[in-house]
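Numbering (my numbering), first residue to last: 2 to 301. Backbone N, C-alpha and C fix where the C-beta goes; we use that ideal spot for every residue, glycine too.
Here it is, written out as structure tokens:
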């Protein structure tokens, strides 16, 4: 796959613009017409020379571009956006600098974290050229330079960060990366707008181990919650037992309520030990209830 982070050529290999071609054609046509009228061949030569000068000298920069003009090899000025003129042979356009926000993707493969875990990290960089002169004269191939600076900074930050921090605190790492890259690119007239980590890829074996660890941690928490609930229930039972300890009436009422809750469902059967029945006096109550149910139908 070809490298997409390649800068524009050092010299101006951009072809003539449609405007320069139109002006060159007009001068060439005017020279031909004057030659046809006057009959002097020199007008054609003048028309050709003017057409070449206009075709080479008239340049057009887009709204987001600045052209870096060198005069006899030395920096002269910045031109654009719009139409501008350069002196043929003496002037040259060394770079066309794009002032829009540019995105550059970069990655760090098999980089060890602070706790010696190999990871693959993908990130994207948003940056802008604010000084076309520095970007053209202070660094060769500034797009490549910022790509390698970003990749090196990413490896450095990964080496100072634990895996858990990298997975849970990406915003802090993004800010740290932005500061590091911005310090390196500031002398080149480039400002870093933002850095975002897109993905952190772990080895498959480590992913399985982390999954098992997370599952074990969830089971441990579930057991702790269950044990805590059992402790709280036991404490409440102990507190209830103390309230019934010296109050047999309340204890009998609670026992009758439990018995009622057990037999209120249709067809339910509850087996109650005789000692509990004698203590609660439920035998007489059950007998009276049975006698009443027997006598009532006979009266009818």
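With 16 other Cβ atoms within 10 Å as the buried cut-off, status of residue 114: By the neighbour-count rule (16 or more Cβ atoms within 10 Å), residue 114 is buried.
Delimiting residues of the alpha helix (DSSP H) encompassing residue 302: Only positions 2 to 301 of the chain appear in the structure, and residue 302 is not among them; the question remains open.
Cβ pair residue 124, residue 108 closer than 9 angstroms: yes
Straight-line gap, residue 117 to residue 153 (C-alpha atoms, nearest Å): Each residue's Cα considered, the two are about 18 angstroms apart.
Residue 152 - containing alpha helix (DSSP H), residue span: That run of the alpha helix (DSSP H) goes 143 to 160.
Close-in-space but distant-in-sequence residues of the same chain around residue 102 (CB under 8 angstroms, 5 per side omitted): Hits under 8 angstroms: 127, 128, 129, 194.
Whole-number beta carbon distance between residue 29 and residue 49, since they are thought to touch under 8 angstroms: Taking the Cβ atoms as the reference, residue 49 lies roughly 6 angstroms from residue 29, within the contact range of under 8 angstroms.
Meets three-Cβ-pair contact criterion under 8 angstroms: the region 53 to 68 and the region 34 to 41: no
Sequence-distant residues of the same chain with beta carbon closer than 6 angstroms to residue 32, five excluded per side: 44, 45, 47, 48
Closest Cα partner of residue 74 within the set 94, 22, 19, 59: Of 94, 22, 19, 59, the smallest CA-CA separation from residue 74 is found for 94.
Counted within 10 angstroms of its Cβ, other Cβ atoms place residue 227 as buried (16 or more) or exposed: exposed
Residue burial classification, residue 146 (beta-carbon count within 10 angstroms, cutoff 16): Result: buried.
For residue 46, the first and last residue of its enclosing alpha helix (DSSP H): Residue 46 -> alpha helix (DSSP H) spans 43 to 58.
Sequence-distant residues of its chain with Cβ nearer than 6 angstroms to residue 54 (five each side left out): If the five residues before and after residue 54 are omitted, its C-beta is found closer than 6 angstroms to the C-beta atoms of 89, all from its own chain and listed in chain order.
Contained alpha helix (DSSP H) runs [length at least 4] in the region 63 to 107, N- to C-terminal order: none
DSSP beta-bridge partners of residue 113: 119
Backbone CA spacing between residue 157 and residue 148 [nearest angstrom]: The straight-line gap from Cα to Cα measures roughly 14 angstroms.
Buried or exposed (CB count within 10 angstroms, at least 16 for buried), residue 144: Taking all protein chains shown into account, residue 144 has 16 or more neighbouring C-beta atoms within 10 Å of its C-beta and is therefore buried.
Opening and closing residue of the alpha helix (DSSP H) in which residue 131 lies: Run containing residue 131: none; DSSP gives neither H nor E here.
Exposed unless 16 or more other CB atoms sit within 10 angstroms - verdict on residue 25: buried
Endpoints, the beta strand (DSSP E) within which residue 200 is located: Here the beta strand (DSSP E) through residue 200 covers 191 to 202.
Beta-carbon spacing of residue 201, residue 120 below 9 angstroms: yes
For residue 125, the three-state DSSP class (helix, strand or coil): strand
Simplified DSSP state of residue 181, which is helix, strand or coil: DSSP places residue 181 in the helix class (H, G or I) of the three-state scheme.
Cβ-based burial, residue 237 [other Cβ within 10 Å; buried from 16]: exposed
Beta-bridge pairing of residue 61 - partner residues as DSSP gives them: Answer is 84.
Length of the line joining the Cα atoms of residue 198 and residue 176: Our two residues, residue 198 and residue 176, have alpha carbons roughly 10 angstroms apart in a direct line.
Sequence-distant residues of the same chain with beta carbon closer than 6 angstroms to residue 181, five excluded per side: 154
Limits of the alpha helix (DSSP H) - the one that residue 166 falls within: 164 to 169
Burial state of residue 297, where buried means 16 or more other Cβ atoms lie within 10 Å: Note that residue 297 scores a pLDDT of 46, beneath 50, so its modelled location is shaky; the value from the coordinates is reported in the next line. Flag for residue 297 reads exposed.
Under the three-state DSSP convention, the category residue 258 falls into: helix
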